[in-house]
Each structure stands twice: as C-alpha cells, then as structure tokens.
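Visitor: Residue numbers (the numbering used here): 659 to 770.
Here a beta-carbon is modelled for each residue, glycine too, at the ideal position from N, C-alpha and C.
Supplied in structure tokens, the structure appears directly below.
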C-alpha cells in the first residue's frame with residue numbers, strides 16, 4: 659500500500675511539473691529560401707534567394723534576403739514582396755525610400 663502511494667505521489671508531481679512548465683511559444687517564424695548560412699560567432703542566420711517568412715505577426719514572399727540577428731532580436735528583410743501584416747504591436751514608417759524592413763522580435767515592432 660505504501661508503494662502505491664509513493665508511486666501515485668511521484669506520478670502527480672511529474673504530471674503537475676509538465677503541465678505548469680509548458681510556456682507559450684513565442685516568435686514562431688518559418689523561413690523558406692534557396693539557401694541559408696549560420697554564423698555562430700555573431701549569432702546570425704542569413705537566408706537568401708526567394709525567402710518566404712510566415713509568422714503570427716506578418717508574412718512575406720520572394721524577399722531577396724533575410725538576416726536574423728538573435729543578439730539584437732531583429733529580423734531584417736530585404737526587398738520583401740506581398741507583405742501582409744497580421745498583428746504587430748508597433749508600426750513605424752521612416753522617411754525616404756528603403757528596400758528593407760526590420761522586425762524586432764522582442765518588442766513586436768515593424769519598421770518600414
């Protein structure tokens with residue numbers, strides 16, 4: 659009887675730990691491109707050639723290049739096409755013409 663109680667106690671602790679340890683996954687981005695390069699020293703991933711990005715914040719297709727700087731929490735997208743905004747916390751339009759956009763994954767700010 660004592661072994662059953664210990665077993666049930668262990669199972670309850672394990673299950674409750676698993677339930678409460680689950681966190682909402684944020685910054686879930688999907689990238690597709692012709693090629694990619696990882697720079698581990700600078701913590702940067704670069705996608706090139708027909709880059710498509712899908713996220714809960716925005717989508718875009720056929721970008722020339724996308725650079726994910728994990729240290730700065732930024733994704734810079736060069737010459738994106740078919741940009742569709744879904745849910746960003748802040749949107750900033752800088753003066754002048756630019757051929758890139760920057761999304762901050764921490765603040766959810768998109769700068770055009």
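1) Output the boundary residues of the beta strand (DSSP E) element that contains residue 727.
2) To the nearest angstrom, how far is the alpha carbon of residue 689 from that of residue 749?
3) Give the straight-line distance between the Cα atoms of residue 754 and residue 710, rounded to the nearest whole angstrom.
4) Work out the CA separation of residue 764 and residue 724 for me, nearest whole Å.
5) Which residues in the same chain as residue 770 place their Cβ atom closer than 6 Å to its Cβ, once the five residues preceding and following it in sequence are excluded?
6) Would you kindly work out how many angstroms separate the C-alpha atoms of residue 739 and residue 727, rounded to a whole number?
7) So, helix, strand or coil for residue 670, using DSSP?
Guide: Quick look at the numbers:
1) Translated into the one-based positions of the chain shown, residue 727 becomes position 69. Per DSSP, residue 727 belongs to the beta strand (DSSP E) from 716-727.
2) Here residue 689 is taken as the residue at index 31 of the chain shown, counted from 1. Here residue 749 is taken as the residue at index 91 of the chain shown, counted from 1. Between the alpha carbons of residue 689 and residue 749 lies a gap of roughly 22 Å.
3) Here residue 754 is taken as the residue at index 96 of the chain shown, counted from 1. Here residue 710 is taken as the residue at index 52 of the chain shown, counted from 1. Distance between the alpha carbons of residue 754 and residue 710 is about 25 Å.
4) Translated into the one-based positions of the chain shown, residue 724 becomes position 66. Translated into the one-based positions of the chain shown, residue 764 becomes position 106. Inter-residue distance for residue 724 and residue 764 is about 17 Å (C-alpha atoms, whole angstroms).
5) In the chain shown, the residue the question calls residue 770 occupies position 112. Cβ neighbours of residue 770 within its own chain (closer than 6 Å, five residues either side excluded): 751, 759.
6) Looking up residue 739 in the chain shown gives position 81. Looking up residue 727 in the chain shown gives position 69. Taking the straight line from one Cα to the other gives about 21 Å.
7) The residue given as residue 670 occupies position 12 in the chain shown. Any answer about residue 670 is weak, because its pLDDT of 40 lies below 50 and its placement is not dependable; what the coordinates show is given next. Secondary structure of residue 670 (DSSP, three-state): helix.
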